[in-house]
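Asker: Protein chains in written order, with this note's numbering: chain A, 1 to 114; chain B, 1 to 118. Ideal Cβ positions, reconstructed from N, Cα and C, are used throughout, including at glycine. As the structure is a prediction and not an experimental result, all values here were calculated from the model.
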Amino acid sequence: ETGVTQTPRHLVMGMTNKKSLKCEQHLGHNAMYWYKQSAKKPLELMFVYNFKEQTENNSVPSRFSPECPNSSHLFLHLHTLQPEDSALYLCASSQDLAGADTQYFGPGTRLTVL
Amino acid sequence: AQKVTQAQTEISVVEKEDVTLDCVYETRDTTYYLFWYKQPPSGELVFLIRRNSFDEQNEISGRYSWNFQKSTSSFNFTITASQVVDSAVYFCALTSLSTQGGSEKLVFGKGTKLTVNP
Numbered sequence: 001e002t003g004v005t006q007t008p009r010h011l012v013m014g015m016t017n018k019k020s021l022k023c024e025q026h027l028g029h030n031a032m033y034w035y036k037q038s039a040k041k042p043l044e045l046m047f048v049y050n051f052k053e054q055t056e057n058n059s060v061p062s063r064f065s066p067e068c069p070n071s072s073h074l075f076l077h078l079h080t081l082q083p084e085d086s087a088l089y090l091c092a093s094s095q096d097l098a099g100a101d102t103q104y105f106g107p108g109t110r111l112t113v114l
Numbered sequence: 001a002q003k004v005t006q007a008q009t010e011i012s013v014v015e016k017e018d019v020t021l022d023c024v025y026e027t028r029d030t031t032y033y034l035f036w037y038k039q040p041p042s043g044e045l046v047f048l049i050r051r052n053s054f055d056e057q058n059e060i061s062g063r064y065s066w067n068f069q070k071s072t073s074s075f076n077f078t079i080t081a082s083q084v085v086d087s088a089v090y091f092c093a094l095t096s097l098s099t100q101g102g103s104e105k106l107v108f109g110k111g112t113k114l115t116v117n118p
């Protein structure tokens with residue numbers, strides 16, 4: 001059983017739709033992350049939360065809106081996306097933000113924007 | 001700036017062969033951490049190992065072994081007697097503690113796709 005879960009696993013949406021990705025971690029961690037993985041590109045860090053507070057926004061367009069109601073849950077709200085936003089979106093968590101802390105990843109949501 | 005280079009984009013081997021995945025890193029910090037992750041077709045990144053910059057001992061875990069060499073800034077990963085289930089994309093990653101005391105974000109290489117054929 002994985003410590004980090006993500007739903008849905010697959011999502012197809014039109015450019016005018018609004019949808020949300022959900023991440024939940026069962027590891028008792030304090031930090032959570034959103035990453036984007038596109039074909040042929042390295043993983044891109046999008047957002048970082050520590051104790052529910054956003055500590056990093058890596059110049060992500062406003063059509064991506066994160067929400068962290070508590071240390072165990074992280075959402076990514078999507079609206080008016082573009083086809084180039086199609087990618088695998090990965091959530092991760094770590095004990096804290098210390099460099100030594102290992103990040104544990106969920107299975108990802110594969111998003112297709114039509 | 002921190003950087004991780006995985007020069008091998010794709011590797012294909014036959015089952016039972018040994019295979020080494022290369023990772024070269026760049027950082028100006030003296031305290032840093034190196035990681036390897038495995039990403040099978042299902043998509044999840046599976047943590048394999050973490051190594052800090054002060055521990056150059058090589059590590060072996062079953063068929064997996066890691067060779068950390070600060071002199072060449074490399075952290076290579078070897079799979080002995082490869083199996084079909086080892087087929088995946090493998091990522092090397094780096095983070096560090098800066099001299100100002102903060103942590104640098106985790107930087108990933110582009111990954112090496114390993115295919116093990118029966």
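1. Hey, would you say P83/A sits closer than 8 angstroms to V60/A, going by beta carbons?
2. Chain A partners of Y33/B, CB-CB under 8 angstroms?
3. Relative to chain A, which residues along the region 49 to 60 of chain B have a C-beta separation below 8 angstroms, given in chain order?
4. For the beta strand (DSSP E) containing T112/A, list its first residue and its last residue.
5. Against E104/B, what residues of chain A qualify as contacts under a CB-to-CB distance less than 9 angstroms, listed in chain order?
6. L88/A versus chain B: which residues are under 9 angstroms apart at the beta carbon?
7. If we count the other Cβ atoms within 10 Å of its Cβ and call it buried at 16 or more, is Q69/B buried or exposed?
8. Where does E84/A fall in DSSP's three states?
9. Do you know offhand how far I11/B's Cα is from D18/B's?
10. Taking only runs that begin and end inside the region 36 to 78 of chain B, name each unbroken beta strand (DSSP E) of 3 or more residues, in chain order.
11. Any beta-carbon of chain B closer than 8 angstroms to the one on R110/A?
12. So which residues on chain D does S96/B lean against when the C-beta distance must stay under 9 angstroms?
13. Report buried or exposed for M46/A, applying the criterion of at least 16 other Cβ atoms within 10 angstroms of its Cβ.
14. Taking buried to mean at least 16 other C-beta atoms within 10 Å of its own C-beta, is E44/B buried or exposed?
Answerer: Answer, in terms of the structure:
1. no
2. G99 and A100
3. R50 and N52
4. T109 to V113
5. G99
6. G43
7. exposed
8. helix
9. 12 angstroms
10. 46 to 52, 59 to 61 and 64 to 69
11. yes
12. Protein chains A and B are contained in the structure displayed, whereas chain D is not.
13. buried
14. buried
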